[in-house]
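A short worksheet on the structure shown next.
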Amino acid sequence: MDDAKEEIRARLPVEDVVGQYIELKRAGRSLKGRSPWGVDKTPSFMVSPEKGIWHDFSANKGGDIFAFVMEVEGISFREALEKLAAQAGVELTKYGGGDKAVAERKRRVKEVLELSCRFYQFCLTKNEKACRYAFEKRGMSKGTVEEFRIGYAPNTGKALIQFLTKRGYKTQEMEAAGLLNRYGGDLFRGRMMVPFIDTNGVIGYTARILGQGEPKYLNTPETILFNKGRFVFGLAQAKEAIRQSGFVVIVEGNMDVISSHQAGVKEAVATSGTAMTENHLKILSRLTDDVRLAYDGDVAGVKATERAIMMAGDLGVNLSVISDYHGAKDPDELIQKDPGLWQEAVKQCRPAVDWLLGKYQENLDLSSGLGKREYSDVAMRLLRFVADPVERKHYEKQVARELDCEVEDLRAKKIDMGEKKRLKKLELEASSDVLAGVRDNLQAIVMHGGVTGVKGVELPEDETKKAELEMIFETRYKRWDKGMLEGEAKALLSRYKVEMSRQEVEQLTMRLAELEEREGEEAEQESAEILRRIMVLKKQGN
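According to my numbering, the sequence shown holds residues 510 to 1051 in order.
Here you go:
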């Protein structure tokens, strides 16, 4: 695929790709803008048209157009490649070798799904009952129906199949697209069709029955294009609003998303037919670290929020909960009542941990010893996933006050080793980001500052990374004299070694904890070697 990448790079200037997402202004030979991840107070995102690369100094990220699209869209390399190939007019099947058959199959399935969407949209305009449901009962505007490409599946056996067959598509391709039932007929009948749309177009459907019958909602099965564990409904329509406002709202249902967009809260998205996964949250965390959950306050909503908090700590996400629905059961019902109340509810969100602790207090008898034990158990289990030590201490004090005990009493509760490992993993990932920033600056000075004699620093061979380091040097160190550069290199090298040693100690400590649970001479031997290595590293640190 290297030839395909080079062809795409040649056709798509980096400033044109980045310029689709952020405003860029000329700054000498480079271009400058605000970070799409919203972490800079002043423009610190640099683009070099000459080198074809970018670097975000506030977020310590950089690379070529593929790296940018992967980061900003929250997608895999393959998805970024396909997206940029489509923009550049590059046919990937020419470069795919053994992947040609798969690529051709995907292309045909995409065409089938796009045509089916147009078919359903046309059928909506011709069906009075479907129009009444969409425009009157659901209260959708014409603009909303067009934006979400909503349609209607006729209540007949093979209407879609006949339409696609006339246009040269095979039933195997329709089946691969998830459009057929097990009897070989149309899967969707007599339903309002809401397409799943990602960066490459339509990949599936959620379909709501108009009359009586079960299931009320029917989703596309997983296919070569649709994976429910990764797909975020409404994200294609919400991305720009999320970037501008700096937050995302996760609602429970797809109709909640559509109603929210129509009500002016265009940051709303949903997971489709599945609980939120780490992949969902990871995709959203690339756009913003402010995630607001609009879940019900029932048992399922509490459990979903617990899971979200456990996942969010890994990703550095700030979670809050939207809970004031003014008596409505969900966002859609609240919007039908008054769109302004929904807009206000989104603004009046509460930190997720605060909300969850409040729910625990409501559901447990804190006047009894048993209730206090249960509350302290669930609260401390939850707080172990709050990565920031200052924030965690704040909540520990809050829980201790509620239970009329000391923070030390709470901390004395037994900690599950699995959770300990997870917390340590969070710390390691955070320190890895710091280490990457120090390494990039040091490599930039060594490669482009004429500083010699710096031992223990490997320089990259990748041309894109080399260009990124040159940009870092030109932006940060170009006007420094040799003495200043040598001093900076010395300080960075010292910090780099300290960070490397600290990370190794943390990793070895985690391994030691794992070995404590095992018996036998082999485990004892490895433990002894690890302890010796930790002592050496700590002496070097001193």
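Don't be surprised by glycine CBs; every beta carbon is placed ideally from N, CA and C.
Nothing here was measured: the structure is a model prediction, and the numbers come from that model.
**Message:** Between which residues of its own chain and residue 1017 is the CB-CB distance below 7 Å, once the five residues before and five after are set aside?
**Reply:** Your numbering for residue 1017 matches position 508 in the sequence shown. Around residue 1017: 1039, 1042, 1043.
**Request:** Rank 536, 511, 561, 535 by C-alpha distance to the C-alpha of residue 526 and give the top, closest one.
**Result:** Your numbering for residue 526 matches position 17 in the sequence shown. With distances taken between Cα atoms, residue 526 lies closest to 561.
**Request:** Give the straight-line distance between the Cα atoms of residue 888 and residue 870, rounded to the nearest whole angstrom.
**Result:** Counting from one through the sequence shown, the residue named residue 888 turns up at place 379. Counting from one through the sequence shown, the residue named residue 870 turns up at place 361. Straight-line Cα distance between these residues: approximately 10 Å.
**Request:** Run through the region 669-712 for me and flag every whole beta strand (DSSP E) of 3 or more residues, listed as ranges in chain order.
**Result:** 700-707
**Prompt:** Going by Cα to Cα distance, which pick from 985, 841, 836, 706 is closest to residue 647?
**Reply:** To locate residue 647, count along the sequence shown from 1; it is residue 138. Ranking 985, 841, 836, 706 by Cα distance to residue 647 puts 841 first.
**Request:** Would you list the one or two residues that DSSP bridges to residue 539?
**Result:** Taking the first residue of the sequence shown as 1, we reach residue 539 at position 30. 536.
**Prompt:** Should residue 888 be counted as a contact of the ligand NAD given a C-beta to heavy atom distance under 6 Å?
**Reply:** This structure lacks the ligand NAD; in fact it carries no ligand of any kind.
**Asked** How should residue 935 be labelled, buried or exposed, when 16 other C-beta atoms within 10 angstroms of its C-beta is the threshold for buried?
**Response** Looking up residue 935 in the sequence shown gives position 426. Residue placement at residue 935 is poorly supported in this model, since its pLDDT is 41, which falls under 50; the coordinates still yield a value, given next. Residue 935 is buried by the Cβ-count criterion.
**Beta-carbon proximity list for residue 774, same chain, < 8 Å, skipping 5 on both sides** = Position 265 of the sequence shown, counted from the start, is the residue given in the question as residue 774. Closer than 8 Å at the Cβ level, and outside the excluded window around residue 774, lie 758, 851, 852, 855.
**Message:** I'd like to know whether the C-beta atoms of residue 830 and residue 866 end up nearer to each other than 7 Å.
**Reply:** Position 321 of the sequence shown, counted from the start, is the residue given in the question as residue 830. Position 357 of the sequence shown, counted from the start, is the residue given in the question as residue 866. The answer is no: Cβ separation not under 7 Å.
**Prompt:** Does DSSP put residue 898 in a helix, a strand or coil?
**Reply:** Residue mapping note: residue 898 aligns to position 389 of the sequence shown, counting from 1. DSSP places residue 898 in helix when its eight states are reduced to three.
**Item:** residue 612 versus 591, 743, 732, residue with shortest Cα-Cα distance
**Value:** The residue labelled residue 612 in the question sits at position 103 within the sequence shown. Nearest of 591, 743, 732 to residue 612, Cα basis: 591.
**Prompt:** Among all the DSSP beta bridges, which residues are the ones paired with residue 554?
**Reply:** The sequence position of residue 554 within the sequence shown is 45, counting from 1. For residue 554, the pairing in a beta bridge is given by DSSP as 542, 565.
**Prompt:** Nearest-angstrom Cα distance between residue 578 and residue 697?
**Reply:** Position 69 of the sequence shown, counting from 1, holds the residue named residue 578. Position 188 of the sequence shown, counting from 1, holds the residue named residue 697. Straight-line Cα distance between these residues: approximately 34 Å.
**Whole-number beta carbon distance between residue 793 and residue 741, since they are thought to touch under 8 Å** = Against the sequence shown, residue 741 aligns to sequence position 232. Against the sequence shown, residue 793 aligns to sequence position 284. With a Cβ gap of about 7 Å, residue 741 and residue 793 count as contacting.
**Request:** Would you list, in sequence order, the uninterrupted alpha helix (DSSP H) runs of no fewer than 4 residues that lie entirely inside the region 841-902?
**Result:** 848-856, 861-872, 878-892
**Message:** According to DSSP, is residue 742 part of a helix, a strand, or is it coil?
**Reply:** By one-based count along the sequence shown, residue 742 stands at place 233. Reduced to three states, the DSSP call for residue 742 is strand.
**Asked** At which residues does the alpha helix (DSSP H) containing residue 763 begin and terminate?
**Response** Residue mapping note: residue 763 aligns to position 254 of the sequence shown, counting from 1. That run of the alpha helix (DSSP H) goes 763-771.
**Contact between the region 613-623 and the region 653-660 (3+ Cβ pairs under 8 Å)** = Result no; under three Cβ-Cβ pairs closer than 8 Å.
**Prompt:** In chain order, what residues of the same chain have a beta carbon less than 6 Å from the beta carbon of residue 557, not counting five sequence neighbours either side?
**Reply:** Stepping through the sequence shown from its first residue, residue 557 is reached at position 48. So the qualifying residues of the chain are 539, 980.
**Request:** Could you check which residue in 1001, 519, 574 has the C-alpha nearest to that of residue 953?
**Result:** The residue you call residue 953 lines up with position 444 of the sequence shown. For the residues 1001, 519, 574, the minimum Cα distance to residue 953 belongs to 1001.
**Request:** Please report how far the alpha carbon of residue 704 lies from the alpha carbon of residue 659, in whole angstroms.
**Result:** What you label residue 704 is simply residue 195 of the sequence shown in a count that begins at 1. What you label residue 659 is simply residue 150 of the sequence shown in a count that begins at 1. Rounded to whole angstroms, the gap between the alpha carbons of residue 704 and residue 659 is 7 Å.
**Asked** Between the region 674-687 and the region 717-726, do at least 3 Cβ pairs fall closer than 8 Å?
**Response** no
**Asked** In chain order, what residues of the same chain have a beta carbon less than 7 Å from the beta carbon of residue 543, not counting five sequence neighbours either side?
**Response** For the purposes of this step, residue 543 is taken as residue 34 along the sequence shown, with counting starting at 1. If we look at residue 543 and ignore the five residues flanking it on each side, its Cβ neighbours are 531, 549, 552, 554.
**Item:** Distance, residue 970 Cα to residue 985 Cα
**Value:** Looking up residue 985 in the sequence shown gives position 476. Looking up residue 970 in the sequence shown gives position 461. Looking at the two C-alpha atoms, the distance is approximately 22 Å.
**Prompt:** In chain order, what residues of the same chain lie with their CB nearer than 6 Å to the CB of residue 780, ignoring the 5 residues before and after it?
**Reply:** One-based indexing of the sequence shown puts residue 780 at position 271. The answer, listed in chain order, is 789.
**Prompt:** Taking the Cβ atom as the reference point for each residue, do residue 881 and residue 843 lie within a distance shorter than 7 Å?
**Reply:** Sequence index remark: in the sequence shown, residue 881 carries index 372 (1-based). Sequence index remark: in the sequence shown, residue 843 carries index 334 (1-based). For residue 881 and residue 843, no; Cβs fall outside 7 Å.
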